[in-house]
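Numbering (the UniProt record's numbering), first residue to last: 1 to 193.
Every residue gets a Cβ at the ideal spot worked out from N, C-alpha and C, and that includes glycine.
Quick caveat, the model's predicted, so the values are computed rather than measured.
For reference, the structure is listed below as structure tokens.
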């Protein structure tokens with residue numbers, strides 16, 4: 001008789017999905033109001049991934065120019081405010097030329113820091129989908145590393161086209177990249193023989 005009372009409960013418990021091992025789903029996902037964004041990021045396909053990748057690249061570019069300008073203006077204000085004696089060279093260089101070079105160096109530092117800053121801000125804005133995008137990035141770069149031409153086949157006059165796959169922005173461009181890699185490999189192997 002006791003088994004009869006437990007049977008409906010056992011049937012209901014069997015309907016509950018069980019997870020074996022670790023899962024990537026946080027336990028509080030169902031309590032969040034934006035869980036649909038997390039689920040959408042989890043089910044992202046390659047077309048959406050390339051669109052997100054393009055947007056991330058736009059953020060990086062958008063931050064590059066202002067950071068370079070901030071570096072240039074900051075360097076020019078700092079080095080322009082220093083007192084100079086034209087009769088005393090700095091490291092054997094005219095002080096105005098030295099300070100001008102330092103100002104351009106500050107601009108270069110801003111140009112280099114800009115994409116990193118843009119990427120960081122993009123990650124903060126899109127923090128719900130960053131883990132899935134990172135997983136797709138790793139998978140995409142595994143595809144690129146597996147399908148690209150061996151670097152030993154290139155020469156100084158004939159470099160490999162887009163070795164790291166940086167210019168790939170869509171599935172069509174990825175297929176074109178695969179064709180270009182295959183064409184380069186055939187041409188390089190024919191030249192070796």
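Proximity winner among the options, relative to residue i (alpha-carbon distances)
i: residue 180; options: 68, 165 and 46; result: 165
i: residue 274; options: 61, 51 and 186; result: Because residue 274 is not part of the residues shown, which for the chain are 1 to 193, the question remains open.
i: residue 245; options: 113, 93, 129 and 89; result: Not covered by the structure: residue 245. The range shown for the chain is 1 to 193.
i: residue 111; options: 182, 73 and 167; result: 73
i: residue 116; options: 67, 84 and 91; result: 67
Backbone secondary structure at residue i - three-state DSSP
i: residue 90; result: strand
i: residue 102; result: helix
i: residue 51; result: helix
i: residue 36; result: Reliability fails at residue 36, whose pLDDT of 48 lies under 50, so the model's placement of it is uncertain and no value is given.
i: residue 156; result: coil
i: residue 17; result: Since pLDDT at residue 17 reaches only 47, below the 50 mark, its modelled position is unreliable, and the value read off the structure follows with that caveat. Residue 17: coil per DSSP, three-state reduction.
i: residue 147; result: helix
i: residue 185; result: helix
Distance CB(residue i)-CB(residue j) smaller than 8 angstroms
i: residue 107; j: residue 75; result: yes
i: residue 163; j: residue 148; result: yes
i: residue 103; j: residue 79; result: yes
C-alpha distance - residue i paired with residue j, whole-angstrom precision
i: residue 105; j: residue 69; result: 12 angstroms
i: residue 136; j: residue 176; result: 20 angstroms
i: residue 109; j: residue 87; result: 29 angstroms
i: residue 151; j: residue 158; result: 11 angstroms
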